[in-house]
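Letter 63 of the sequence shown, counting from 1, is numbered 62 in numbering that gives the first Met the number 0, and no numbers are missing. Built from N, CA and C at the ideal position, the CB exists for glycine as well. Note that the structure is predicted; figures quoted are calculated from it, not measured. These notes are about the structure you will find just below.
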Amino acid sequence: MPCRQAKEFLRSEGVTFEDINVMEHVDARQELVRLTGQMAVPVITVGDEVVRGFDKARLKHLLGL
Numbered sequence: 000m001p002c003r004q005a006k007e008f009l010r011s012e013g014v015t016f017e018d019i020n021v022m023e024h025v026d027a028r029q030e031l032v033r034l035t036g037q038m039a040v041p042v043i044t045v046g047d048e049v050v051r052g053f054d055k056a057r058l059k060h061l062l063g064l
């Protein structure tokens, strides 16, 4: 559910994003663990910032919305 919420939020704000299924892509899964130390999703990167989970307020701040 948090992944769906994050995607719906980004779409509603007109933010272009890349949706990667980490269960289908080994390299992406390894990058997820490297960035966060765990296999939890969603993970959203905005520039150098990493947002774990769906944190609407933080995303709005980082995206300047």
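Among the bridge pairs identified by DSSP, E48 is matched with V45.
Annotated three-state conformation of A27 is helix, per DSSP.
In its chain, beyond the 5 residues on either side, P1, C2, V21, L31 have a beta carbon closer than 8 Å to the beta carbon of V40.
DSSP places Q37 in no alpha helix (DSSP H); its state is neither H nor E. In the three-state scheme derived from DSSP, where H, G and I count as helix and E and B as strand, E7 is classed as helix.
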